[in-house]
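**Q** In order, the protein sequence lines correspond to chains A and B. In this text, residue positions in the first sequence follow our numbering: the first is 1, and each later residue adds one. In this text, residue positions in the second sequence follow our numbering: the first is 1001, and each later residue adds one. Note that CB positions come from ideal geometry on N, CA and C, so glycine has one too.
Number of protein chains: 2
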Amino acid sequence: MYLEGRIVDFTDKLASKSPEPGGGAASALAAAIAAALVSMVANLTVGKEKYADVQDRISELLEASEAVRKKLEELVQKDTEVYGVLSVAFKMPRETDEQKAERAKAVQAALKEATMVPYEIAERCLEVAVLSETAADIGNVGAVSDAGVAVLLAEAAARSAALNVKINLTSIDDPEFVSEKWSGIKDILSKSASLKEKVEKVTYEKLG
Amino acid sequence: MYLEGRIVDFTDKLASKSPEPGGGAASALAAAIAAALVSMVANLTVGKEKYADVQDRISELLEASEAVRKKLEELVQKDTEVYGVLSVAFKMPRETDEQKAERAKAVQAALKEATMVPYEIAERCLEVAVLSETAADIGNVGAVSDAGVAVLLAEAAARSAALNVKINLTSIDDPEFVSEKWSGIKDILSKSASLKEKVEKVTYEKLG
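1. What's the C-alpha gap between A:A154 and B:A1109?
2. By how many angstroms is the C-alpha of B:I1138 removed from the C-alpha of B:I1188?
3. Of all the CB atoms in chain B, is at least one closer than 9 angstroms to the CB of A:L3?
4. Please identify, using Cβ separations under 8 angstroms, the residues of the stretch 191-204 of chain A that lie next to chain B, in order along the chain.
5. Please confirm whether B:K1191 and B:L1126 have their CB atoms less than 9 angstroms apart.
6. Just the Cα atoms here: how many angstroms apart are A:D97 and B:I1058?
7. In terms of DSSP beta bridges, what is A:R6 paired with?
8. Taking B:E1205 as the reference, give the member of B:E1113, B:V1041, B:A1147 with the closest Cα.
9. From B:S1016 to B:L1195, what does the alpha carbon distance come to, in whole angstroms?
10. Using the beta-carbon of each residue, which ones in chain A are nearer than 9 angstroms to B:T1170?
11. Could you tell me which whole alpha helix (DSSP H) segments of length 4 or greater appear in the stretch 7-63 of chain A?
12. Note down the Cα distance separating B:M1040 from A:N164, rounded to an integer number of angstroms.
13. Does chain B have any CB closer than 9 angstroms to the CB of A:K56?
14. Of all Cβ atoms in chain B, is any one closer than 9 angstroms to the Cβ of A:K166?
15. Would you decide whether A:A143 is buried or exposed? Buried here means 16 or more other CB atoms lie within 10 Å of its CB.
16. Would you mind stating whether A:A135 and A:A42 have Cβ atoms separated by less than 9 angstroms?
17. Which residue from B:I1033, B:A1031, B:L1061 puts its Cα closest to that of B:L1044?
18. Near B:A1089, what residues of its chain come up, given a Cβ to Cβ distance below 6 angstroms and the 5 sequence neighbours on each side ignored?
19. With distances taken between CB atoms, is the gap from A:N168 to A:A104 smaller than 9 angstroms?
20. Kindly say whether A:F10, judged by its beta-carbon, lies nearer than 9 angstroms to any beta-carbon of chain B.
21. For the pair the stretch 1171-1187 of chain B and the stretch 1070-1077 of chain B, tell me if three or more CB-CB distances fall below 8 angstroms.
22. Rank A:G47, A:S27, A:A31, A:Y2 by C-alpha distance to the C-alpha of B:L1014 and give the top, closest one.
23. Does B:M1040 have its Cβ less than 9 angstroms from a Cβ in chain A?
24. Within 9 angstroms of any Cβ in chain B, is that where the Cβ of A:V68 sits?
25. In this structure, how does DSSP classify B:M1116 when only helix, strand and coil are distinguished?
26. Taking A:P118 as the reference, give the member of A:E176, A:A101, A:A26 with the closest Cα.
27. Return the Cβ separation of B:G1023 and A:V149 in integer angstroms, given the expectation that the two are a contact with Cβ distance under 8 angstroms.
28. Using the Cα positions of B:V1082 and A:N140, report the straight-line distance between them to the nearest angstrom.
29. Taking the alpha-carbon positions, what's the A:G84 to B:K1181 distance?
30. Closer than 7 angstroms by beta-carbon distance: list the chain B residues that pair up with A:S27, in chain order.
31. Let me know the alpha helix (DSSP H) ranges lying completely inside the stretch 106-187 of chain A, each 4 residues or longer, listed in chain order.
32. Drop a sphere of 10 angstroms on the beta-carbon of B:K1166, count the other beta-carbons inside from all chains shown, and report buried for 16 or more, exposed for fewer.
33. Note down, in chain order, every chain A residue with its Cβ under 9 angstroms from the Cβ of B:G1022.
34. For B:M1116, which option in B:R1006, B:G1184, B:E1102, B:P1021 has the closest C-alpha, if you only look at C-alpha atoms?
35. Is the beta carbon of A:V128 closer than 9 angstroms to that of A:S65?
Quick look at the structure:
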């Protein structure tokens, strides 16, 4: 489990020619860091008299940011594992026509599975971006820059995950699946880009 | 040393109300991940016959990306430490006029020191963005998405570091320092934004 390992071991292996971890796991980790920053803003607001009016919303925010952080931390691992599934399918024998057909079927199934991991990472990034807006709006103003960093990293991680969705889609021969997933990604990217612009602006306004 | 510790311990402490690590350390780590991805592209290109023509440039790229990764990994730690310097200055006594003047002087010096850490993070992020362009242009095309992720995370990390520069600048009473540093940051952000747009486009083109 990478998450249980040392940071330097992760970045060292990322830098190596090992096929995993790669950009997918990197984007999940960047988004987990963003989620942690939303939690930090919430934790710096909990129990403060100045923010008495928003305590219920802050508790909800913290619950949501910690839940999505956990999911993203799991996705760091899942992205490295799905590479194995694809690798096994590509190594299947292809001597007879029957073998070729079976291999093609397995590769297509593995590609769809491999698509859905960065797809879910992108979905979770959008969740983090939504939560960072709440953090910037009602959280401790002394930590507003952390809400700003959260939205910036979450949006970049969503765009990064999109690249990893795209790689798999280019090899999938199910046009309906391809068009549905790519349209989903475009929607996620458009929403997270708006949130980035909005929350970054609010952050600078509150910094004065 | 956070880098020598487990990833979950870093994200857990980031999520807590502890004042450090915060957004500055988070942006340095995101940029170190981006640098590692440039190294990955370089490592997947080294020694490949198909890329024989660019082996010298790839070796230079790898050397540069590993050097900037090491700097960014050090900056994760430095950002958490500079908070301590600021905290000590703020806690200085301010009963007499003399104490007040001494404290103000120490706070101003600490704020300048605290400004320069995220400022250097932003400078290093731009370096990573520049290197990711080379990775996307001449690196193994099978890893082009990793060059794309690198530029996206590096650009977001630069914008994140800028927020942390801004926080400190708002309390510094040396207009020349403030205007010089902010103009430097605007230049870094404008350059990294152009690189992001360019490299993301190249990545999609090469993914097909």
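**A** Taking the coordinates as given:
1. The alpha-carbon atoms of A:A154 and B:A1109 are separated by roughly 33 angstroms.
2. Each residue's CA atom was taken as its position, placing B:I1188 and B:I1138 some 24 angstroms apart.
3. Interface residue (Cβ-Cβ distance to chain B less than 9 angstroms): A:L3 is classified as such.
4. Hits within the stretch, in order: E200, T203, Y204.
5. Going by beta carbons, B:K1191 and B:L1126 fall inside the 9 angstroms limit.
6. When rounded, the distance between both Cα atoms is 41 angstroms.
7. Beta-bridge partners of A:R6 (DSSP): B:R1006.
8. Taking the Cα of B:E1205 as reference, the smallest distance to any Cα among B:E1113, B:V1041, B:A1147 is reached at B:A1147.
9. Using only the alpha carbons, I get a separation of about 34 angstroms.
10. Neighbours of B:T1170 in chain A, taken as residues at a C-beta separation under 9 angstroms, are given in chain order as L207, G208.
11. Taking only runs of at least 4 residues, the alpha helix (DSSP H) segments lying wholly in the stretch 7-63 of chain A are 7-15, 23-43.
12. A straight-line Cα-Cα distance of about 15 angstroms links B:M1040 and A:N164.
13. Checking the sequence, you will find Asp at residue 56 of chain A rather than Lys. Chain B, which has no Cβ nearer than 9 angstroms to the Cβ of A:D56, makes this no.
14. A:K166 counts as touching chain B.
15. Flag for A:A143 reads buried.
16. In this structure, A:A42 lies closer than 9 angstroms to A:A135 by Cβ.
17. The candidate whose alpha carbon is nearest that of B:L1044 is B:L1061.
18. A1106, V1107, A1110, listed in sequence order.
19. No, Cβ-Cβ distance for A:N168 and A:A104 is not below 9 angstroms.
20. Interface residue, yes.
21. Counting Cβ pairs under 8 angstroms, fewer than three are found: no touch.
22. For B:L1014, the closest alpha carbon among the candidates A:G47, A:S27, A:A31, A:Y2 is that of A:A31.
23. For B:M1040, at least one C-beta of chain A is nearer than 9 angstroms to its own C-beta.
24. Chain B, which has no Cβ nearer than 9 angstroms to the Cβ of A:V68, makes this no.
25. Looking at B:M1116 - three-state DSSP - the assignment turns out to be helix.
26. Answer by Cα proximity: A:A26.
27. Yes, B:G1023 and A:V149 are in contact; Cβ-Cβ is about 4 angstroms, under 8 angstroms.
28. B:V1082 and A:N140 have their C-alpha atoms spaced approximately 22 angstroms apart.
29. So the two alpha carbons sit approximately 47 angstroms from each other.
30. Proximity of chain B to A:S27 at the Cβ level (cut-off 7 angstroms) is accounted for by V1149, in chain order.
31. Listed in chain order, they are 144-169.
32. Counting of Cβ neighbours within 10 angstroms places B:K1166 among the buried residues, the total reaching 16 or more.
33. Within chain A, the residues near B:G1022 are L37, M40, A143, S145, D146, V149.
34. Nearest option by C-alpha distance: B:G1184.
35. Yes, the pair counts as a contact, with Cβ atoms nearer than the cut-off.
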